[in-house]
Amino acid sequence: MSMPPTGQQSGGGTAWHARGLLRSRERRSGTILLMILVMIVVLSSVIVQFTEKGLTEIAAEGHYVERDRLRLTAFSALETTLAVLADYVAIDGGLTSPAQGWADPLAIAGFEPEGKRKVTVSFTDESGKLPINSLDEGTLFLLFNEMGFDADDSLILTNALLDWIDEDDEERIDGAESQTYAAAEWPFGASNRPLTSLEELAVVKGFRELFFDEAGRPNAYFRTLEETVSVWADGTLNVNAVSELALRAYAGFGDPQIQALETYLAGADGMRGTEDDRYFANNQEIAQVLGELPQGVSLSAGITTLRIRVEVSEPDGRYALEAVVQPANSGAGPVAAQNGSGRQQPRANDPRQQQQQRRAGSGAGQADLQYPFVFLELTEDVGQNLSISAPVEPAGGDERLDADNRPVPGA
């Protein structure tokens with residue numbers, strides 16, 4: 451039997467071995483390539499995350515820098531506004547109404563914000579509102595009744611509020627002291643002190659159901675109340691800013707007196723908020739238009755407490771600043787709570803009294819500075835949250851209104 455040549459055996463084995471080595475190298479190359487691709491993906495992900503974090507930090511830093519710039523503009527506008535108001539106080543002896551000429555204080559002072567910023571200033575006369583912490587039972591009942599609530603709800607709201615702010619733990623009929631809140635498993639009791647803000651009503655019996663929606667947001671009733679009462683009012687209504695609801699509930703005004711007041715303030719064109727608006731400058735002018743006032747009703751022609759709102763906006767952000775101030779010579783003191791009989795009682799634990807004492811303690815320093823206003827409250831709001839006084843739409847949006855555009859209870 452003949453054997454194949456030795457050279458042929460060697461050649462075939464070498465070829466087979468070469469092909470094996472080639473396949474092995476290809477497998478190793480594929481594995482290495484796969485590992486490289488995985489590393490590239492991982493590194494790319496790390497780089498992307500690092501870049502995003504860096505950009506976020508840069509954006510955040512830019513936000514704070516821009517916020518500080520907007521804040522500086524807002525405080526500058528506030529100081530400019532107060533300077534203009536101080537001039538009117540010095541010349542006219544006091545503030546009465548924006549119709550006095552200071553409705554646009556920035557234009558008067560020639561204030562020009564930087565770049566594309568827009569600055570607006572608005573005013574709310576807190577002395578044109580009823581002092582909610584010192585209203586007696588009868589006035590509160592009339593107020594809620596004029597808002598459209600029936601007698602039962604008006605009584606609940608009245609007595610629950612009086613129980614909330616009085617010092618004792620004696621519960622009125624349909625009212626609520628701490629034991630009632632405890633029985634309902636609410637995590638609070640009656641505060642037994644004056645309200646420090648109207649938002650506090652969200653935890654008061656009756657108000658939480660009728661003035662706030664299920665999410666705890668203020669509804670149209672709350673906005674009406676907010677336009678009518680204040681925790682800062684001192685009890686003397688500025689007739690230039692008082693609402694019809696306040697006049698009906700507090701002064702017992704009827705349609706003829708309210709119409710006479712509106713006609714006078716609206717000026718020749720019969721429209722409020724226009725250039726020809728008029729204002730009462732003194733009590734003599736009030737008497738000429740309204741005649742004799744009911745006994746116990748106190749109306750004035752001056753502003754004792756003013757809320758100033760400054761909003762600064764630009765394409766990339768907004769900022770709001772709100773201050774409640776009194777003219778330094780106004781002499782307006784804290785609002786004492788009622789005991790339910792219509793008489794004001796001094797309160798040892800009244801936060802308004804304590805706040806007034808703190809202001810009095812710093813009065814010497816302010817006198818040295820001769821600063822024309824006393825700050826009662828100062829709040830700041832950054833970014834999109836401009837909720838200090840912005841209206842909140844009720845949930846659902848299907849609220850029923852009566853002929854006077856007031857909400858219908860229970861609708």
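Quick note: the sequence shown uses this note's numbering, first residue 451, plus one each step.
Each residue gets a CB set at the ideal place from its N, CA and C atoms; glycine is no exception.
Grab the span of the beta strand (DSSP E) containing residue i for me, first residue to last.
{"i": "residue 613", "result": "Unbroken run through residue 613 is the alpha helix (DSSP H), 601-615; no beta strand (DSSP E)."}
{"i": "residue 757", "result": "756-764"}
{"i": "residue 561", "result": "Looking at the DSSP string, residue 561 is not in any beta strand (DSSP E), and its letter there is neither H nor E."}
{"i": "residue 574", "result": "568-575"}
On the three-state DSSP scale, how would you describe residue i?
{"i": "residue 777", "result": "strand"}
{"i": "residue 496", "result": "helix"}
{"i": "residue 836", "result": "Note on residue 836: pLDDT 37, under 50, position unreliable in the model; the coordinate value appears next. Looking at residue 836 - three-state DSSP - the assignment turns out to be coil, as it is neither helix nor strand."}
{"i": "residue 769", "result": "strand"}
{"i": "residue 732", "result": "coil"}
{"i": "residue 831", "result": "strand"}
{"i": "residue 406", "result": "Residue 406 cannot be examined here, being either before or after the span of the chain that is shown, 451 to 861."}
{"i": "residue 722", "result": "coil"}
{"i": "residue 545", "result": "coil"}
{"i": "residue 679", "result": "strand"}
{"i": "residue 662", "result": "strand"}
{"i": "residue 750", "result": "strand"}
{"i": "residue 491", "result": "helix"}
{"i": "residue 806", "result": "The predicted model places residue 806 with a pLDDT of 46, which falls under 50 and marks its position as unreliable, so this point remains unresolved."}
{"i": "residue 623", "result": "coil"}
{"i": "residue 651", "result": "helix"}
{"i": "residue 484", "result": "helix"}
{"i": "residue 826", "result": "strand"}
{"i": "residue 743", "result": "coil"}
{"i": "residue 580", "result": "strand"}
Within the continuous alpha helix (DSSP H) that includes residue i, where are the two ends?
{"i": "residue 713", "result": "705-716"}
{"i": "residue 630", "result": "628-633"}
{"i": "residue 699", "result": "Where residue 699 is concerned, there is no enclosing alpha helix (DSSP H), given that its DSSP letter is neither H nor E."}
{"i": "residue 594", "result": "587-596"}
So, at 6 Å on beta carbons, what are the nonlocal neighbours of residue i in its own chain, with the 5 sequence-adjacent residues on each side left out?
{"i": "residue 532", "result": "823"}
{"i": "residue 617", "result": "642"}
{"i": "residue 761", "result": "570, 770"}
{"i": "residue 592", "result": "699"}
{"i": "residue 690", "result": "546, 547, 729, 730"}
{"i": "residue 763", "result": "568"}
{"i": "residue 686", "result": "748, 750"}
Excluding the 5 residues flanking residue i on each side, which residues of the same chain have their C-beta closer than 8 Å to its C-beta?
{"i": "residue 552", "result": "534, 535, 538, 545, 558"}
{"i": "residue 647", "result": "681"}
{"i": "residue 594", "result": "603, 604, 607, 608"}
{"i": "residue 530", "result": "555, 556, 559, 561"}
{"i": "residue 660", "result": "599, 603, 607, 671, 859"}
Can you tell me whether residue i is buried or exposed? The criterion is at least 16 other CB atoms within 10 Å of its CB, across all chains shown.
{"i": "residue 649", "result": "exposed"}
{"i": "residue 523", "result": "buried"}
{"i": "residue 664", "result": "exposed"}
{"i": "residue 776", "result": "buried"}
{"i": "residue 637", "result": "exposed"}
{"i": "residue 486", "result": "exposed"}
{"i": "residue 496", "result": "exposed"}
{"i": "residue 825", "result": "exposed"}
{"i": "residue 683", "result": "buried"}
{"i": "residue 696", "result": "buried"}
{"i": "residue 692", "result": "buried"}
{"i": "residue 831", "result": "buried"}
{"i": "residue 494", "result": "exposed"}
{"i": "residue 482", "result": "exposed"}
{"i": "residue 613", "result": "buried"}
{"i": "residue 541", "result": "exposed"}
{"i": "residue 774", "result": "buried"}
{"i": "residue 679", "result": "buried"}
{"i": "residue 528", "result": "buried"}
Less than 7 Å between C-beta atoms, sequence neighbours within five positions excluded: which residues of the same chain meet that for residue i?
{"i": "residue 714", "result": "728, 739"}
{"i": "residue 611", "result": "590, 654"}
{"i": "residue 707", "result": "740"}
{"i": "residue 710", "result": "739, 740"}
{"i": "residue 722", "result": "715, 716"}
Does at least one heavy atom of the ligand COA sit under 7 Å from the Cβ of residue i?
{"i": "residue 483", "result": "The ligand content of the structure shown is nil, which means the ligand COA is not present either."}
Check: If we count Cβ pairs, one from each stretch, closer than 8 Å, do we get three or more for the segment 554-562 versus the segment 667-684?
Finding: No: fewer than three Cβ pairs fall under 8 Å.
Notebook entry, point to check: Would the segment 719-738 and the segment 619-630 be scored as touching if the rule is three or more Cβ pairs under 8 Å?
Noted result: No, they do not touch.
Check: Looking at C-beta atoms only, is the number of pairs between the segment 747-765 and the segment 563-575 that lie closer than 8 Å three or more?
Finding: The segment 747-765, when compared against the segment 563-575, does touch it at the 8 Å Cβ threshold.
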